[in-house]
Amino acid sequence: MNAITTLHARRAVSIRPISAAGFRLFKTDRRATHAKVTANYLYITRQAGHDALGSLDFRHRDDLIAHGLELPANHPRWVEEEGRIWRETDTATAGIAPDAVRAWHIVVSLPKTVDDDDWITMVRDYARITIAAHGPAVAWAIHAKPDGSGGWCIPPHAHLVMTTRIWRHDARHGHTVPSWCGPAMQARLHADWLANLPNAMRAAAVTPYRAGTYTQAHPDSAALFGIFEHPPRQRGARSRRGIRHRPSRRIKVKRSPSPSPSASPDQQGV
204 MNAITTLHAR RAVSIRPISA AGFRLFKTDR RATHAKVTAN YLYITRQAGH DALGSLDFRH
264 RDDLIAHGLE LPANHPRWVE EEGRIWRETD TATAGIAPDA VRAWHIVVSL PKTVDDDDWI
324 TMVRDYARIT IAAHGPAVAW AIHAKPDGSG GWCIPPHAHL VMTTRIWRHD ARHGHTVPSW
384 CGPAMQARLH ADWLANLPNA MRAAAVTPYR AGTYTQAHPD SAALFGIFEH PPRQRGARSR
444 RGIRHRPSRR IKVKRSPSPS PSASPDQQGV
């Protein structure tokens, strides 16, 4: 089991604040993000483009399964334009402090025992119901790459970039929304994703690790285990009906065995 596999097995949900100073505010996660929101979006969707810091190209990454954009109900048409919401977020936050949070970059582990369609359903429902239904916009992407021995070069996981600031064109554009990035949202992101996982993955995520200096991905994640003693409450049809979403852009990946680059630089920042 390599370091990346261990990361995804142990940390089922990782919330990474996007800031110019890199990762600082969440001491329980040790992974940095790109400084600009646009760069994070290009990274997860494996595209080429540029932000205020220069050009970026992630097209050489060959692990993209699918990606999409989920939006709240009654969203304006302009927000569906490719990458526009993330570029405008960077513009609106250009003058804020280096360590101020621009948006959130979330990484969730996916079960290895299901197929692409199940992954897409899991991630899309999570993005729509857990995040977009409460106001933020969220881009998502699924990454995975099998190796030549029945395992994974890149274990299946998903990235989500979500707004934590007002993105609509009004007087408060660019202002932080506390309910989008506060304790309640953090708890919801963890609890809702853990509820989707098989028992073994869920247990690994909430059971304290006794070797080394591992710290849980969420300081209160063990306390969340009690909610799984009963089946998760079904969300009402009203919340599902009120959400409009943009169709995902499906990327077909041929899962043919490929050599496993044991120390490839591309695996260092999943």
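The sequence shown begins at 204 in my numbering and counts up one residue at a time.
Backbone N, C-alpha and C fix where the C-beta goes; we use that ideal spot for every residue, glycine too.
Sixteen is the threshold: when 16 or more other Cβ atoms of the shown chains lie within 10 Å of the Cβ of D254, as they do, the residue is buried. Counting the other CB atoms within 10 Å of its CB gives G271 a total of 16 or more, which places it among the buried residues.
Pairing L363 with I299 gives a Cβ-Cβ distance that is not under 9 Å. A check of alpha carbon separations from E291 across Y246, Y244, W370 and M365 identifies W370 as the nearest. DSSP places H360 within a strand segment (E or B) once states are collapsed to three. H253: member of the beta strand (DSSP E) spanning A251 to D254, first to last residue. Bounds of the alpha helix (DSSP H) holding H393 are P386 to N399. Sequence-distant Cβ neighbours of L400 in its own chain, meaning closer than 8 Å and more than five residues away, are A215, S312, P314 and A408. Setting aside the 5 residues that flank it on each side, D319 is surrounded in the same chain by I268, each with a C-beta closer than 6 Å to its C-beta; the list follows chain order.
Assignment of D302 by DSSP, reduced to helix, strand and coil, places it in the coil class. Contact between A347 and V341 does not hold, since the beta-carbon distance rounds to 20 Å and is not under 8 Å. Bridge partners of L272 according to DSSP: A342. I309 sits in a strand when the DSSP states are folded into three classes.
Under DSSP, R219 takes part in a beta bridge, and its partners are H308. L245 is not bridged by DSSP to any residue.
DSSP places D321 outside any beta strand (DSSP E); the residue lies instead in the alpha helix (DSSP H), whose first and last residues are D319 to D328. Annotated three-state conformation of D260 is strand, per DSSP. Taking 9 Å as the cut-off, the beta carbon of R219 is found no closer than this to the beta carbon of A242. When only Cα atoms are considered, T379 and S352 end up about 46 Å apart. In this structure H372 is exposed. Its beta-carbon is surrounded by fewer than 16 other beta-carbon atoms within 10 angstroms. Taking C-beta atoms as the reference points, T333 and L397 fail to come closer than 9 Å.
In the three-state scheme derived from DSSP, where H, G and I count as helix and E and B as strand, P349 is classed as strand. In the DSSP assignment, the residues bridged to M365 are W307 and V341. Residues of the same chain with a CB within less than 6 Å of the CB of M325, apart from the 5 flanking positions on each side, are N399 in chain order.
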